[in-house]
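Chemist: Just so you know, we're using this note's numbering here: the sequence shown kicks off at 20 and counts up by one.
Note that CB positions come from ideal geometry on N, CA and C, so glycine has one too.
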Amino acid sequence: VDYGGTRAFRPSRFIGEALGRQPERLSARLAAYEELQRFQVAPEEADAPLPALGPDDVLTVSYSDIEDYRRCPLLYRFKYVLRIPVLPSPPMIYGLALHEAVRDYLRRKRETEQPTLEDLQATFRAAWLAEGFISPEHESERFQAGLDALRRFHEDEQGKRAPDLVEQRFSFMLGKDRVVGRWDRVDQGADGAEVIDYKSSAVDEGSERPQQLANQDLQLRLYALAHEKMYGARPARATLHFLETGAHGTIEPSDTDMSVVRTVVTSTAAKIRSRDFTPAPVKGIKTCFECAYHQICPSSLTVRG
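1. Going by other Cβ atoms of all chains shown within 10 Å of its Cβ, with 16 needed for buried, is Phe308 buried or exposed?
2. Using a Cβ-Cβ cut-off of 8 Å (strictly less than) and excluding sequence neighbours within five positions of Leu78, which residues of its own chain qualify?
3. When DSSP builds the beta bridges, which residues end up paired with His260?
4. Look up Thr79 in the DSSP assignment and give the residues it is bridged to.
5. Kindly identify the DSSP beta-bridge partner or partners of Ala212.
6. In whole angstroms, give me the CA-to-CA distance for Leu184 and Asp75.
7. Let me know if Pro300 comes out buried or exposed under the rule of 16 or more other beta-carbons within 10 Å of its beta-carbon.
8. Are there 16 or more other CB atoms within 10 angstroms of the CB of Lys218, so buried, or fewer, so exposed?
9. Check this for me: beta carbons of Gly151 and Pro107, under 9 Å apart or not?
10. Rounded to the nearest angstrom, how far is the Cβ of Leu232 from that of Leu259, given a contact under 8 Å?
11. Among Ile270, Gln207 and Val105, which has the Cα closest to the Cα of Asn234?
12. Rounded to the nearest angstrom, what separates Glu176 and Ala146 at their Cα positions?
13. Can you list, in chain order, the residues of its chain with a C-beta nearer than 7 Å to that of Pro317? Leave out the 5 residues immediately preceding and following it.
14. Measuring only the C-alpha atoms, how far is Pro42 from Glu263?
15. Would a C-beta distance cut-off of 9 Å place His246 and Val214 closer than the cut-off?
16. Mind checking Tyr88: buried by the 16 CB within 10 Å criterion, or exposed?
17. Can you tell me whether Ile153 is buried or exposed? The criterion is at least 16 other CB atoms within 10 Å of its CB, across all chains shown.
18. Can you tell me whether DSSP reads Glu329 as helix, strand or coil?
19. For His267 and Pro70, I'd like the C-alpha separation in whole angstroms.
20. Going by other Cβ atoms of all chains shown within 10 Å of its Cβ, with 16 needed for buried, is Pro134 buried or exposed?
21. Start and end of the alpha helix (DSSP H) containing Tyr250?
22. Could you have a look at Leu169 and say whether DSSP puts it in helix, strand or coil?
23. Can you give the Cα-Cα distance for Arg44 and Leu93, rounded to whole angstroms?
24. Need the endpoints of the alpha helix (DSSP H) that Phe308 sits in, please.
25. Tell me the DSSP secondary structure of Ser278 in three-state form.
26. Which residues in the same chain have their Cβ closer than 8 Å to the Cβ of Tyr99, if we skip the five residues on either side of it in sequence?
27. Could you round the C-beta distance between Glu186 and Arg90 to whole angstroms and report it? I think they count as a contact, below 8 Å.
28. Below 9 Å between beta carbons: does that hold for Leu136 and Leu169?
29. Mind checking Ser319: buried by the 16 CB within 10 Å criterion, or exposed?
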């Protein structure tokens, strides 16, 4: 594996099948690895100790920052402090291509266009990367799963009004912490707003799992709090939409939800401020196995025998 210099991505064999216009961020998608390399911290800076932030210093955090630190503080250091790049994985490629297609479709719909299923799938084809799959058969299976997911998504969108917000960024303060992010979609209804977060993971429709995941999801609650902070009104609903199966899980954000997410964000941000990156994988060896850095991490539980 080559982690240095410029890495030449192998273009997908599906790109030639793309229909219509190219997605606006295709070049950025193909250059993702090179971008990570360009912003990587210089070697002489990698081991330099970081001073703790003062109580009046502003710390900017996103949901990903909070979640990664909670998974393991050393993971946070590798990813956000040292900015060590990782190679694209099949789930990453699949998820990015799906989100690219959905985002492009919803933006065009919001602009009063009438994008077709062919437009939707063409964006997916063009955003696809042939990287890291176990075999050509594995790539074909995941690619077809994406096309099928988008077909279901397109059917579900028929008759629905255009979204009010698509990929809208937000930023608000919690004390001295600035929380940033963006909503995939926000719809405004008669009883209030609905914040929708699209997921590429497969969750069976008809089972209780989608609702269980929504009930446990910190990100939904953070996005609901962001809407309350930005617009002065808590959304009536916050929904996880699992693209591969079309399954949904929805919550009605409560005062307790808002209190919990505030506590988690501020307490985690306080630890980040202290620059405490002591390894502490939240689920032990399972977290280490799932970590993109486990092969280079000196504290990984996967190398202990």
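Modeler: Let me spell this out:
1. Your numbering for residue 308 matches position 289 in the sequence shown. The residue in question, Phe308, is exposed, as its Cβ has fewer than 16 Cβ neighbours within 10 Å.
2. The sequence position of residue 78 within the sequence shown is 59, counting from 1. Correct list, in chain order: Leu72, Lys195, Asp196, Arg197, Ala288, Ile291 and Arg292.
3. Taking the sequence shown and counting its residues from 1, the one referred to as residue 260 is at position 241. DSSP output for His260 lists Tyr217 and His267 as bridge partner(s).
4. Walking along the sequence shown from the start, residue 79 turns up at place 60. In DSSP, Thr79 forms a bridge with Arg197.
5. Within the sequence shown, the letter at position 193 stands for residue 212. Gln207.
6. The residue you call residue 184 lines up with position 165 of the sequence shown. The residue you call residue 75 lines up with position 56 of the sequence shown. Computed Cα separation, rounded: 33 Å.
7. Taking the first residue of the sequence shown as 1, we reach residue 300 at position 281. With a 10 Å radius around the Cβ and a threshold of 16 neighbouring Cβ atoms, Pro300 comes out buried.
8. Here residue 218 corresponds to residue number 199 of the sequence shown, with the count starting at 1. Classification of Lys218: buried, given that the 10 Å Cβ count is 16 or more.
9. Here residue 151 is taken as the residue at index 132 of the sequence shown, counted from 1. Here residue 107 is taken as the residue at index 88 of the sequence shown, counted from 1. The answer is yes: Cβ separation under 9 Å.
10. Your numbering for residue 232 matches position 213 in the sequence shown. Your numbering for residue 259 matches position 240 in the sequence shown. About 6 Å separates the two Cβ atoms, so the contact holds.
11. For the purposes of this step, residue 234 is taken as residue 215 along the sequence shown, with counting starting at 1. Here the closest residue by C-alpha is Ile270.
12. The sequence position of residue 176 within the sequence shown is 157, counting from 1. The sequence position of residue 146 within the sequence shown is 127, counting from 1. Their Cα atoms are separated by approximately 21 Å.
13. Indexing the sequence shown from 1 puts residue 317 at position 298. Cβ within range, chain order: n/a, list empty.
14. For the purposes of this step, residue 42 is taken as the residue at position 23 of the sequence shown. For the purposes of this step, residue 263 is taken as the residue at position 244 of the sequence shown. Annotation note: pLDDT 42 at Pro42 (below 50); position unreliable, no value reported.
15. Residue 246 sits at position 227 when you count from the first residue of the sequence shown. Residue 214 sits at position 195 when you count from the first residue of the sequence shown. For His246 and Val214, yes; Cβs fall inside 9 Å.
16. By one-based count along the sequence shown, residue 88 stands at place 69. Flag for Tyr88 reads buried.
17. Position 134 of the sequence shown, counted from the start, is the residue given in the question as residue 153. Exposed: under 16 other Cβ atoms inside 10 Å.
18. The structure shown does not extend to residue 329, since the chain is modelled only from 20 through 324, so no value can be given for it.
19. Stepping through the sequence shown from its first residue, residue 267 is reached at position 248. Stepping through the sequence shown from its first residue, residue 70 is reached at position 51. Put simply, the backbone Cα of His267 is about 43 Å away from that of Pro70.
20. If you number the sequence shown from 1, residue 134 lands on position 115. Looking at its Cβ environment, which holds 16 or more other Cβ atoms inside 10 Å, Pro134 is buried.
21. As a working note, residue 250 is residue 231 in the sequence shown. Start and end: Leu237 to Tyr250.
22. In the sequence shown, counting from the first residue as 1, residue 169 sits at position 150. In this structure, Leu169 counts as helix in the three-state DSSP scheme.
23. The count along the sequence shown starts at 1 and reaches residue 44 at position 25. The count along the sequence shown starts at 1 and reaches residue 93 at position 74. Because Arg44 sits at a pLDDT of 43, beneath the cut-off of 50, its placement in the model cannot be relied upon, and the following sentence gives the value as read from the coordinates. Distance between the alpha carbons of Arg44 and Leu93: 31 Å.
24. Residue mapping note: residue 308 aligns to position 289 of the sequence shown, counting from 1. Ile304 to Glu309 is the span of the alpha helix (DSSP H), which, as asked, contains Phe308.
25. For this step, residue 278 is matched to residue 259 along the sequence shown. Helix at Ser278.
26. As a first step, residue 99 is located in the sequence shown; it is residue number 80 there, counting from the start. Excluding positions up to five away in sequence, the list reads Asp84 and Asp87.
27. Taking the first residue of the sequence shown as position 1, residue 186 is located at position 167. Taking the first residue of the sequence shown as position 1, residue 90 is located at position 71. Actually they do not touch by this definition, with Cβ atoms about 25 Å apart.
28. Counting from 1 along the sequence shown, the entry for residue 136 is found at position 117. Counting from 1 along the sequence shown, the entry for residue 169 is found at position 150. Yes; because the gap between Cβ atoms is below 9 Å, this pair is in contact.
29. Mapped onto the sequence shown, residue 319 falls at position 300. By the neighbour-count rule (16 or more Cβ atoms within 10 Å), Ser319 is buried.
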